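Protein chains in written order, with our numbering: chain R, 919 to 1360; chain P, 2 to 291.
Okay, structure coming up:
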């Protein structure tokens, strides 16, 4: 996400960084680039104008032209401005002081409400151990209720639905029922609607009046264009939203809508949804996104993800093995598996702090199937071969290649990579950090 | 986009007093309708050129020049109508990112062709999303047309294979294939689409008659990336622009047509099954200017 905007800034700062001092012309051309980048990123043009004004005012005020490190200075100012525009506090949920917390989601057609409801339910269930129930108030789209029920089954969450009834009554009865049955959180999934459709907007206003939700979230497609601000304003005007769930961030959208909405409507992004899987859902952190836009990577999220899949003990064990140069293919395959658990390779890669990522991106094939190939090769080895890779000779290589459906040269490549990785990891083993990525593999 | 012209009258006094800022604001207004900066400045260059060459100082003439430039971009060299094969079944493959309105558009398309007396079959190759098949089934029943589906998570290629074979056996005129929504950046899912395309081509012994990308008119600049990446993988034959009854009018299709030369073939503009029509560059541009 935000990749192209990041790429723009990377290129821009790369140019500035190589100069000792910044001329007034440099600053102007930098600001022009930033303006174009933001507009191309779908940031609302009013927001862009103010953004550029602010950066310019600050850059002038802080006497950036006289600074010997203008690059760091511009980065700092742009970084601060982006965080300010995105809202300075991180997202997440405010629970009601007394259970149950009632949540209502609203949004346009196809913004991803139903998927977000399920992901949010799963998030609250697993992260906060809440008992979550869902009310199906979309009676318009064919099979919408079925979709919700089907997805809810997977995460073991109750759904309330009715045939031949209106959304307001369904919501009221659903909330009543789940209040009695002791739910901690009740989420109402409403139908998609146009923000200019008066009748439909009345409907959610009615649901809100009758069920008094503690939190109302607008579900917003991260790919939305300049209209994002009007959409958010209209919904906010009718039902007073508490925040935004930003969806489809796994696309290559530059996500400018997120920047605009907070700025104009003053409603923070609370959660982001960024993938097809139910777990692809997280709290929104403006500072992380800002550093991502600036090409500094999202290392905090990466570490958190790593911690989720690799235990402290396991990490220590691996570290010791690396230190004693005893790393073998069994460890290697375990590492690949935990890497896979963290998400797709391109997603992990996008979180790493690499300069000029966009250029590397173009050259590298970030294809998960590559990992599966490696896994297949290792799986075709005998236990002995995995533990003592040095015993793998020509005929063993042939057998492994055949067994895994690869060529001998691919097996050779893996063996070579493995011994290089081993050497490199030994050098790095003094450094802190629990998660060692096998370098050069993707 | 309607705002574009209202604002044009509003900023007109600047045309005389401060020409540069008039052009700047005009460019800004175009960007507000989701036309990309590059396309906006290209259009503006032409208009400026005309204004200076002909020494124009009349708002209506500036307007009509602007209109003409946009129509020129949107105009199709060849036929913008849908390609119907002389060897039925004709096959349409409908693709796009999540939530743009693929399934609804398919129901509308099927309805349109059924009304013209064609025998239509819809193919439920979205085997991934919960209840996608049931949603399509609902429409198939309402329209009284054939539908082919398999179990959830089954191979979409196999669904497509079956659909085309059934269509051949039953003398169906048109097969419309619904696919799962996918991000253009997902390598594996794009490969899956290529495979589906291959299956169809083998079955009908020619290129797929239409490969239509569904684009949501509320989408901003990313719609261009969508068109580019889907086109790279599959060679699109056209675009269906959806949700034009919203306040966004889909200015990004002007950029898509300008940069990638992919024609816009259909637009949908409401919740009813009849709310679909062929794309008309003049009418579309008039709408912007109304």
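Idealized CB from N, CA, C, for every residue including glycine.
From a predicted model like this one, the values you see are computed outputs, not experimental measurements.
Can you confirm whether residue i, when its beta carbon is compared against all beta carbons of chain P, has any partner nearer than 8 Å?
| i | result |
| --- | --- |
| residue 1041 of chain R | no |
| residue 1156 of chain R | no |
| residue 1323 of chain R | no |
| residue 1117 of chain R | no |
| residue 1291 of chain R | no |
| residue 1166 of chain R | yes |
| residue 1046 of chain R | no |
| residue 1114 of chain R | yes |
| residue 1027 of chain R | yes |
| residue 1170 of chain R | yes |
| residue 942 of chain R | no |
| residue 1085 of chain R | no |
| residue 956 of chain R | no |
| residue 1142 of chain R | yes |
| residue 1061 of chain R | yes |
| residue 1145 of chain R | yes |
For the putative contact between residue i and residue j, defined by C-beta atoms under 8 Å, what is the C-beta separation to the nearest angstrom?
| i | j | result |
| --- | --- | --- |
| residue 1133 of chain R | residue 1160 of chain R | 5 Å |
| residue 92 of chain P | residue 178 of chain P | 7 Å |
| residue 1141 of chain R | residue 102 of chain P | Contact doesn't hold; Cβ gap of about 14 Å is too wide. |
| residue 1138 of chain R | residue 1025 of chain R | 7 Å |
| residue 1190 of chain R | residue 1154 of chain R | In fact, because the Cβ distance is near 19 Å, the residues do not count as touching under 8 Å. |
| residue 1143 of chain R | residue 35 of chain P | 4 Å |
Is the distance from the Cβ of residue i to the Cβ of residue j below 8 Å?
| i | j | result |
| --- | --- | --- |
| residue 112 of chain P | residue 274 of chain P | yes |
| residue 1004 of chain R | residue 1177 of chain R | yes |
| residue 1 of chain P | residue 240 of chain P | As shown, chain P starts at 2 and ends at 291. That puts residue 1 of chain P outside it, with no answer to give. |
| residue 1107 of chain R | residue 1049 of chain R | no |
| residue 149 of chain P | residue 167 of chain P | yes |
| residue 265 of chain P | residue 245 of chain P | no |
| residue 147 of chain P | residue 173 of chain P | yes |
| residue 1157 of chain R | residue 1123 of chain R | yes |
| residue 1039 of chain R | residue 1105 of chain R | yes |
| residue 210 of chain P | residue 85 of chain P | yes |
| residue 136 of chain P | residue 1055 of chain R | no |
| residue 1090 of chain R | residue 1129 of chain R | yes |
| residue 28 of chain P | residue 42 of chain P | yes |
| residue 72 of chain P | residue 216 of chain P | no |
Helix, strand or coil for residue i? Go by DSSP, reduced to three states.
| i | result |
| --- | --- |
| residue 1273 of chain R | In this predicted model, residue 1273 of chain R has a pLDDT of only 44, less than 50, meaning its place in the structure is not dependable; the value taken from the coordinates is given anyway. Three-state result, residue 1273 of chain R: coil. |
| residue 1191 of chain R | strand |
| residue 158 of chain P | helix |
| residue 242 of chain P | strand |
| residue 1057 of chain R | coil |
| residue 1213 of chain R | Unreliable positioning characterises residue 1213 of chain R in this predicted model, as indicated by a pLDDT of 47, which lies under 50. The coordinate reading is nonetheless provided below. In the structure shown, residue 1213 of chain R sits in coil (DSSP, three-state: anything other than H, G, I, E or B). |
| residue 1062 of chain R | helix |
| residue 1199 of chain R | strand |
| residue 211 of chain P | strand |
| residue 1105 of chain R | strand |
| residue 91 of chain P | strand |
| residue 175 of chain P | strand |
| residue 1281 of chain R | Below a pLDDT of 50, predicted positions are generally treated as unreliable, and residue 1281 of chain R, at 46, falls in that range; no measurement from the model is reported. |
| residue 234 of chain P | helix |
| residue 1115 of chain R | coil |
| residue 113 of chain P | helix |
| residue 286 of chain P | helix |
| residue 191 of chain P | helix |
| residue 206 of chain P | coil |
| residue 184 of chain P | coil |
| residue 1074 of chain R | coil |
| residue 134 of chain P | helix |
Is residue i close to chain R, meaning its C-beta is less than 8 Å from at least one C-beta of that chain?
| i | result |
| --- | --- |
| residue 152 of chain P | no |
| residue 69 of chain P | no |
| residue 179 of chain P | no |
| residue 146 of chain P | no |
| residue 132 of chain P | yes |
| residue 158 of chain P | no |
| residue 216 of chain P | no |
| residue 99 of chain P | yes |
| residue 120 of chain P | no |
| residue 226 of chain P | yes |
| residue 38 of chain P | yes |
| residue 162 of chain P | no |
4 or more residues per run - each alpha helix (DSSP H) lying fully within the stretch 1134–1182 of chain R:
1146–1157
Please go through the stretch 943–1030 of chain R and give each complete beta strand (DSSP E) segment of 3 or more residues, from N-terminal end onward.
Every unbroken stretch of the beta strand (DSSP E) spanning 3 or more residues and falling wholly within the stretch 943–1030 of chain R is given here in chain order: 1019–1025.
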